[in-house]
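Taking it in order: structure first as structure tokens, then the write-up.
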Amino acid sequence: MQESKTSQDELIALIIQGIDEVKGHNINLLDLREIENTVCDYFIVCNGTSNTHVNAIVGSIQKTVSKAIQDKPWHVEGEDNAEWVLMDYVNVVVHIFQKQVREYYDIESLWGDAKFTTIESSLN
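Here full-length UniProt numbering is used: the first residue of the sequence shown is 1, the next is one more, and so on.
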């Protein structure tokens with residue numbers, strides 16, 4: 001059981017590293033494990049400044065995770081318009097928004113019961 005926890009922590013660290021490498025903004029980690037009937041254990045939420053930036057974040061996450069632990073997302077959705085891209089790593093789901101779309105959907109408020117951690121990035 002401990003090995004799974006370590007690999008999940010490593011996956012989260014690698015995803016955050018991938019976001020940070022291409023200057024993703026406002027990275028938040030939402031721990032959903034204490035909430036009943038959730039689809040995963042963690043959400044990682046961040047935003048980019050444009051369609052190109054959002055797609056660069058997605059590419060950086062995929063490259064960083066694949067290179068380090070040979071894992072890839074089970075499913076990726078939203079790359080065509082790149083306003084909100086969802087990357088599903090099964091127990092960790094990454095939401096990459098454009099700023100105005102993130103503000104509109106306000107996903108962090110929807111999951112207000114989650115344990116919330118703001119990640120310091122190289123931008124701060």
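For glycine and all other residues, C-beta sits at the position ideal for the given N, C-alpha and C.
Buried versus exposed call for residue i [16 or more other C-beta atoms within 10 Å across all chains shown]
{"i": "A13", "result": "exposed"}
{"i": "L32", "result": "buried"}
{"i": "S50", "result": "exposed"}
{"i": "D113", "result": "exposed"}
{"i": "Q98", "result": "buried"}
{"i": "E27", "result": "Rather than Glu, the amino acid found at residue 27 in this sequence is Ile. So I27 ends up on the buried side."}
{"i": "S60", "result": "buried"}
{"i": "I69", "result": "exposed"}
Contact belief for residue i with residue j at Cβ below 8 Å, rounded distance in angstroms
{"i": "I107", "j": "V54", "result": "Incorrect: roughly 15 Å between the Cβ atoms, too far for contact."}
{"i": "T52", "j": "Q17", "result": "Going by Cβ atoms, the distance from T52 to Q17 rounds to 20 Å, so no, they are not a contact pair."}
{"i": "V93", "j": "F43", "result": "5 Å"}
{"i": "C40", "j": "V90", "result": "7 Å"}
{"i": "D88", "j": "W111", "result": "No, D88 and W111 are not in contact; Cβ-Cβ is about 16 Å, not under 8 Å."}
Helix, strand or coil at residue i according to DSSP, with G and I counted as helix
{"i": "N37", "result": "coil"}
Chain-order list of residues whose beta-carbon lies under 6 Å from that of residue i (same chain, five-residue window excluded)
{"i": "residue 128", "result": "Lying outside 1 to 124, the shown extent of the chain, residue 128 is not represented and no answer is given."}
{"i": "A82", "result": "N51, V54, N55"}
Beta-carbon proximity list for residue i, same chain, < 8 Å, skipping 5 on both sides
{"i": "D9", "result": "none"}
Residues near residue i in its chain [Cβ-Cβ closer than 7 Å; skip 5 each side]
{"i": "G78", "result": "W84, V85, L86"}
Would you mind listing the beta strand (DSSP E) stretches within the region 4 to 35 that are 3+ residues and don't spill past its ends, in chain order? 25 to 31
Would you list, in sequence order, the uninterrupted beta strand (DSSP E) runs of no fewer than 3 residues that lie entirely inside the region 43 to 98? 75 to 77, 84 to 88, 92 to 98
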